[in-house]
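Mapping of the sequence shown onto the working numbering: residues 2 to 286, in sequence order.
Virtual Cβ for every residue (Gly too), placed ideally from N, Cα, C.
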Amino acid sequence: MKCTAMTLLGCCLLAITMTAQPSFTRADVEAMLGDGAIYSYTAIDVEGSTFPIGSGSSGRVFDLTGFTTEMETHQRSYVDPATTDFPHEFPDATHAQIIAGEGTGEAFMYYRLDDNGLFLLGYATIMEGADYIMKYQPERPSMKFPYQVGTQWTYSSGTMIPFEGMERREEAQVEVIASGTLRLPQGEFACICTRDWERTFTRIVFGGEVISEMYSTFVSYDLLTKEGISASITIDTLDENSATPRLVDLRWSIPETVTSASQFPPTPDVTLDAPYPNPCLLYTS
2 MKCTAMTLLG CCLLAITMTA QPSFTRADVE AMLGDGAIYS YTAIDVEGST FPIGSGSSGR
62 VFDLTGFTTE METHQRSYVD PATTDFPHEF PDATHAQIIA GEGTGEAFMY YRLDDNGLFL
122 LGYATIMEGA DYIMKYQPER PSMKFPYQVG TQWTYSSGTM IPFEGMERRE EAQVEVIASG
182 TLRLPQGEFA CICTRDWERT FTRIVFGGEV ISEMYSTFVS YDLLTKEGIS ASITIDTLDE
242 NSATPRLVDL RWSIPETVTS ASQFPPTPDV TLDAPYPNPC LLYTS
């Protein structure tokens, strides 16, 4: 009886598995760039688990219902770059995203959106009293339109210097590898799956001497829907080409549009029941 309400909600959202391939354009992205509350679900105990990713043109089901999850709620805000603290550093930006961390103040991601794609221009904040500004040169594509199965690109940044003494370089290989159905406890949604291979290099120099060098590589799979619901799967990079890679991190987000801060929904009390085969979310508030 406790699971009935949530089960019915999932059925009402969408009861039929969908296989139509979404194709994203500028208009689709503009519809998703707004103020909203994000319900974020993080799967726990995924280390060592496997998940069948692979490639395929259509019909694949990405079933995320077999994991126990934790939930949190946060605010997402996209604003006019002119209203932020660093518009002069990113004059070509059309959108800025506010990232607010507890006790850390505000940070900003800057983007340019046009008919060809969504491009990340950089990141800026104040860190320990000094400006931390990382500019992507060239601009880094976040999406290229049409964003659909078969879309792919590679990216290599120049040397970026967020502040004196720090150097950072990034390279990436991105490909939309499949379409299908994203299956969540909240319902089923037509999606596309993107594979993102990324390598970063960071060097810290102090007093003319190198005090730190760090290399990192990760492979992630992003699942995107036209409803704004998305999921991200990070795998063990030691086996990046495996068809059933070991999971390091798994999470998904569901947006809820709000028009003002006063309408920001409170975080509901959540408990979990029947984690296998499908977790059933129980709202007790």
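When the five nearest sequence neighbours on each side are left out, the beta carbons in the same chain lying within less than 8 Å of the beta carbon of residue 213 are those of 203, 204, 205, in order along the chain. In this structure, residue 111 lies near residue 123, with their beta-carbon atoms less than 8 Å apart.
The stretch 63-73 makes contact with the stretch 182-191: 3 or more CB pairs, one atom from each, lie closer than 8 Å.
Between residue 221 and residue 234, the gap from beta carbon to beta carbon is short of 8 Å.
Of the candidates 256, 46, 201, the residue whose Cα lies closest to the Cα of residue 137 is 201. Counting only unbroken stretches of 3 or more residues, the beta strand (DSSP E) elements lying wholly within the stretch 132-193 are 153-157, 167-185, in sequence order. Taken through DSSP and simplified to helix, strand or coil, residue 257 comes out as strand. Contact annotation: the stretch 67-77 touches the stretch 31-50, with at least three C-beta pairs closer than 8 Å. Taking the C-beta atoms as reference points, residue 120 is found no nearer than 8 Å to residue 26. Residue 148 sits close to residue 24, with the two beta carbons spaced by under 8 Å. Residues 166 of the same chain have their beta carbon placed closer than 7 Å to that of residue 207, with the five preceding and five following residues left out of the count.
In this structure, DSSP gives residue 21 a state outside helix and strand, which the three-state scheme calls coil. Going by beta carbons, residue 91 and residue 99 fall outside the 8 Å limit. Taking C-beta atoms as the reference points, residue 226 and residue 190 count as a pair closer than 8 Å.
Secondary structure of residue 94 (DSSP, three-state): coil.
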